[in-house]
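The structure appears below as structure tokens.
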Amino acid sequence: MDATSTGRPGSPGTPEESASRPLPLADDRYEALVRQMPDALYIVADDIIVFINEAGVRLLGADSASDIVGRELDAFVHEDSVQLARQRREWMIEHGAGLPPVEQTLLRCDGTPVDVEILSAPVQLGWRTAVQVVARDIRQRKHAEQALRESEANYRTLAAETARAKELLRCEKTVLEMSSRNVPLPDLLAEVCHIVDTLLDDGAMCSILLCGDGEHVTLAVAPSLPSALSKALVGLTIGPAAGSCGTAMFRNARVVVEDIETDPLWDDYRALVVPMGLRACWSTPIRGDNAQMIGAVGVYYDTPRAPTRPAMQLLDDITDIVGVAVQKAHIARELQESEERYRLAVENLTEGILVQAADGTILACNPSARRILRAGDQSPVGASHLTLMRRSLREDGSEIPFLERPTRVVLTTGRPLLGLTIGLELINGDVVWVYENVLPIMRPGDATPSAVLISFNDIGPARAAEQQLKFLAQRDALTGLYNRAYFLQRMQAVLDEAVTDGRQAAVLFLDLDGFKKVNDTAGHEAGDHLLRIVAQRLSACVRQTDTLARLGGDEFVVLLDQVRSLAEAEQLARRIIAAIAQPFSTGGTEYYLGASIGIAVHPDHGQDAATLLRCADAAMYNAKQNGRNQHRVFTAQLSQRAQRRFQLEQHLRRALSAQELSLRFQPIVDAASMGIVGAEVLLRWHSAELGEVSPAEFIPVAEDAGLIIAIGEWVLEQACRQAAHWRRTCAPDFFIAVNLSPRQFGDALVPMLSRCLAESGLPACALEMEITEGLLMRDTAAVMPVLDALTALGVRISIDDFGTGYSSLSYLQRFPIDNLKVDRSFVSGIPRHRDSVVISRAVVAMAASLDMTVTAEGVETLAQAEFLQAAGCDKLQGFLFGAPMSAAAYEERLRRAQLGGPA
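Taking the working numbering, the leading residue of the sequence shown gets 9, the next gets one more, and so forth.
In structure tokens form, the structure reads like this:
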């Protein structure tokens, strides 16, 4: 009978050791009971028995355990131990491990002899065949005989063993000392080989092989062996018959070859080593963490030789020491490589990294930090942070008190601060604006941080662009007056104050008479010059407390705060008409213009900005209709537009079912190739009773009347279906852009959009939803989840008419935005007007810094397209590339482009 030990492969196991190991049984109480019984425990597996005890049912005398469970185990052996117990249970289930000790016979039940010694062979149960045998009978006698023999041997070898133990300790001390000095691993292993040669003496020659990849020898150290052997071993593929060391590494178990000339493990390598005079080789695998094989120690002799137990024990001990040394070397190398990777990563970051101690000393500083903080080439490590910067500033420019500085707060609380915008006043007085994160660095066991890590990006250019955009977003690029967005915001604020204070306000809506003729005959440049002069004359007419703005084209508005009477507003209107009536000189030619002005007064004509402006507009229209160059005050008779609005609403309610709505598609081209990549969907309404109705007129009505939800859903269904068709048939990378009304922005949007995509088969990435800046600022808590859901769906988000609203860097960073559309009002001034050029470049730069794309709309000239292309704009849209057209016309154009014809 044979067994496998759970200790080192092949190491002997005593009965006590076997009995102390955990039995592979599920029931702990049963296991405890088995342990307490004197000896004899059998668990075999494929050669059956599979457990007995009750001391081996009284050492196979039987009459229970169902007369030895499932029997076999060669019917309890003997016949001179049945071919050495079936070749030691087929070499312990094909080298699962372990072999000696032995001493067998057994039989009984009742074929008597017993003889027996004790064998322990625990092996995993489960998916592997198990063998575990603990037996005994002649133990007392054998033990006494063995004790006598060993006593004499121990007496003779005590001095030698003591000397070996000292040498082993010296070896371990040498390894640890050399490891601590980071001696190269080959040199350390060579020293170990010399020590092993000395300890084993009698001509022993040690070699140590490492297997770095689990398949090949990557290092061979054998100072006492021929150098040709060491060279030949490097690159050797380990395997089931790869000499002693190669096989030991493959099996992860000890391999002993007593005679190289006859052992089949050396068939492929015998011709290499026998001419070198090598005849025996014993090898033990070196194991690392989790018993993983990392190499092997081998001992060669020049004569055939079997190992002794002390020699094997010594080899095992040396192998353990080498394993520790190799593991430590591996850990040191991995740590060094890891540190180098992190160093390279930090050194090459565009982000500044600074580590600052609690006392302000700089502990680390990467090149980007030195660049951003203008520190030059000299490293500031070891110096105080005050050598780099004086003060920290809030976004409004005020100084942050010392105890409120982010670094102090993190050092005090131990909590990180993320996403801060901070101004750093440098030693030279410059202020660098950064976007930073401050993280605590804690030592194990410390309650407070010992240092902080500060990561930061220079946002100076982006911040300057943002501030410029904020200023220009309030201003008309051509005239420098306030624009529509700011005027409406300011007007509502004045009206709110007027309600609180019980005072009046007035609005003058002005449209130039004769301007279109000048613009058409003298050209846009002359027209722009005239508009600037108009702005100057208007500015001279109004008070400092009044708000003057250009709405667009040749329309201007004036808001009179704290007006005492209607007469005051009419007096201003007459003054403006007189100023505009003066001749304008441009390009050596004089031009004459007029001004039609409508006046509306709060609270008589309206309580809110939109109503009051609409009334003033109606009055202005009346002035034009009645001879121009005059002013009119709003009256009830001028409410025709309100009636028109009611009429539009009634017809619009039937437009969808009457199939009066249709879609038009305007090309969007790639700025680099000028090839068509997509289209913006535009809605058109041809009413059977009203004829063509402008989107600018009917969409606000649809929004106010709540009709935009149904209309918007119809638009999305049609647009997705059409885009999917084009992607399948003629433009596989085509995308579609659809405007999204703020009224559609609710919980039902994402499910509806998902349905449209699913039904049409259009990929989400091929759909771009265009929203306004105002929507983002309306209700962040409500808007953000919808935007996140759209982004998760894969739909792209684009900001329409960017630059005309809030244009804040902070909201661009906060929301998941993919694309910015530069408003046509900026594009129209390119490349003539400096403000338009500056704004357009700022938008492109800011978008690039935030990983967004930019689309310019309203491109009408080649010069505009070339400028935007050079500025880095990604996509272009406008009449230069095509007016909005029907689906059939657009498909024809796509097919021409596909065939290589003109797009």
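Backbone N, C-alpha and C fix where the C-beta goes; we use that ideal spot for every residue, glycine too.
Everything numeric in this text was worked out from a predicted model, so none of it was measured.
ask   = By the 10 Å Cβ neighbour count, where 16 or more other Cβ atoms means buried, how is M682 classified, buried or exposed?
value = So M682 counts as exposed.
query = Secondary structure at L902, three-state DSSP: helix, strand or coil?
reply = Residue state, collapsed to three classes: helix.
ask   = So, Y463 versus N445, is the Cβ gap smaller than 8 angstroms?
value = Rather than Tyr, the amino acid found at residue 463 in this sequence is Ser. Cβ distance < 8 angstroms, so S463 and N445 count as in contact.
request  = Assuming D843 contacts A485 (C-beta within less than 8 angstroms), just tell me the rounded distance between them.
outcome  = Contact between D843 and A485 holds, since their C-beta atoms are separated by about 4 angstroms, short of 8 angstroms.
task = Measure the C-alpha to C-alpha separation of R622 and E563 and round it to an integer number of angstroms.
result = If I take the Cα positions, the gap works out to 13 angstroms.
ask   = With respect to the beta strand (DSSP E) encompassing Q364, which residues constitute its N-terminal and C-terminal limits?
value = Annotation for Q364: the continuous beta strand (DSSP E) segment containing it runs G360 to A365.
inquiry  = Taking only three categories from DSSP, how would you classify P293?
reply    = Residue state, collapsed to three classes: strand.
key: A138 versus R79 - alpha carbon distance   = The straight-line gap from Cα to Cα measures roughly 15 angstroms.
task = Measure from the alpha carbon of R379 to the alpha carbon of each residue in D466, P409 and E345, then state which is nearest.
result = Nearest C-alpha to R379 among D466, P409 and E345: D466.
request  = For F495, count neighbouring C-beta atoms within 10 Å of its own C-beta (all shown protein chains included) and say buried if the count is 16 or more, exposed if not.
outcome  = Looking at its Cβ environment, which holds 16 or more other Cβ atoms inside 10 Å, F495 is buried.
Alpha-carbon to alpha-carbon, E576 and V502 = Their backbone Cα atoms lie some 17 angstroms apart in a straight line.
CB of A279 within 8 angstroms of CB of P312, strictly = Against a cut-off of 8 angstroms, the Cβ pair of P312 and A279 comes out as no contact.
ask   = Can you round the beta-carbon distance between I847 and L477 to whole angstroms, since I take them to be within the 8 angstroms contact cut?
value = 7 angstroms between Cβ atoms; contact.
query = The alpha helix (DSSP H) spanning F479 covers which residue range?
reply = Its alpha helix (DSSP H) spans residues G468 to A481.
ask   = Unbroken alpha helix (DSSP H) runs of length 4 or more, entirely within the segment 698-748: which are they?
value = Whole alpha helix (DSSP H) segments, 4+ residues: 703-712 and 716-737.
Neighbourhood of E98 by C-beta, 7 angstroms cutoff - its chain only, sequence neighbours within 5 removed = No residues qualify anywhere along the chain.
inquiry  = Tell me the rounded alpha-carbon separation between N374 and E355.
reply    = Computed Cα separation, rounded: 5 angstroms.
message = Run through the DSSP bridge pairs and tell me what C373 is partnered with.
response = Per the DSSP secondary-structure output, C373 pairs in a beta bridge with L362.
request  = Give the C-beta separation of K883 and I676 to the nearest angstrom, bearing in mind that I take them to be a contact with Cβ-Cβ under 8 angstroms.
outcome  = At roughly 5 angstroms, the Cβ-Cβ gap stays under 8 angstroms, so K883 and I676 are in contact.
request  = Express the C-alpha separation of S376 and Q360 in angstroms, rounding to a whole number.
outcome  = The identity of residue 360 in the sequence shown is Gly, whereas the question assumes Gln. Cα to Cα, G360 sits roughly 5 angstroms from S376.
inquiry  = As a quick exercise: from V281, L241 and T292, pick the residue whose alpha carbon is nearest that of R262.
reply    = Taking the Cα of R262 as reference, the smallest distance to any Cα among V281, L241 and T292 is reached at T292.
Continuous alpha helix (DSSP H) stretch holding M450: start and end = For M450, no alpha helix (DSSP H) run applies, since DSSP gives it neither H nor E.
key: Counted within 10 angstroms of its Cβ, other Cβ atoms place W135 as buried (16 or more) or exposed   = When all chains shown are included, W135 counts as exposed.
request  = Return the first residue and the last residue of the beta strand (DSSP E) that T594 is part of.
outcome  = F592 to T594 is the extent of the beta strand (DSSP E) around T594.
task = Using DSSP bridges, identify the partner residues of F517.
result = By DSSP's assignment, F517 forms a beta bridge with V565 and G606.
Coarse secondary structure for Y494, derived from DSSP in three states = Correct three-state label for Y494: helix.
ask   = Where do the N-terminal and C-terminal ends of the alpha helix (DSSP H) with G254 fall, by residue?
value = In the DSSP annotation of this structure, the continuous segment of the alpha helix (DSSP H) that includes G254 starts and ends at G251 to R259.
request  = Name the one or two DSSP bridge partners that H532 has.
outcome  = The partner list for H532 (beta bridge, DSSP) is empty, contrary to what the question assumes.
request  = Just the C-alpha distance for A53 and V332, rounded to the nearest angstrom, thanks.
outcome  = Going from the Cα of A53 to the Cα of V332 covers about 36 angstroms.
message = Please state whether the Cβ-Cβ distance between V418 and P424 is less than 8 angstroms.
response = Contact flag set, yes.
message = Using only the alpha-carbon positions, how far apart do I838 and V845 sit?
response = Each residue's alpha carbon lies about 6 angstroms from the other.
task = Would you check whether the ligand HEM has a heavy atom nearer than 7 angstroms to the C-beta of E98?
result = Looking for the ligand HEM in the displayed structure turns up nothing, as the structure carries no ligands at all.
query = What is the rounded straight-line gap between the Cα of T245 and the Cα of H338?
reply = If you take the alpha carbons of T245 and H338, they lie about 21 angstroms apart.
query = With 16 as the cutoff for other CB atoms within 10 Å, does E505 come out buried or exposed?
reply = Under this definition E505 is an exposed residue.
message = Let's test the definition: count the other Cβ atoms within 10 Å of the Cβ of I435 and tell me whether it reaches 16, buried, or not, exposed.
response = The residue in question, I435, is exposed, as its Cβ has fewer than 16 Cβ neighbours within 10 Å.
inquiry  = So, with DSSP's three-state summary, where would you put S836?
reply    = Under the three-state reduction of DSSP, S836 is assigned to coil, being neither helix nor strand.
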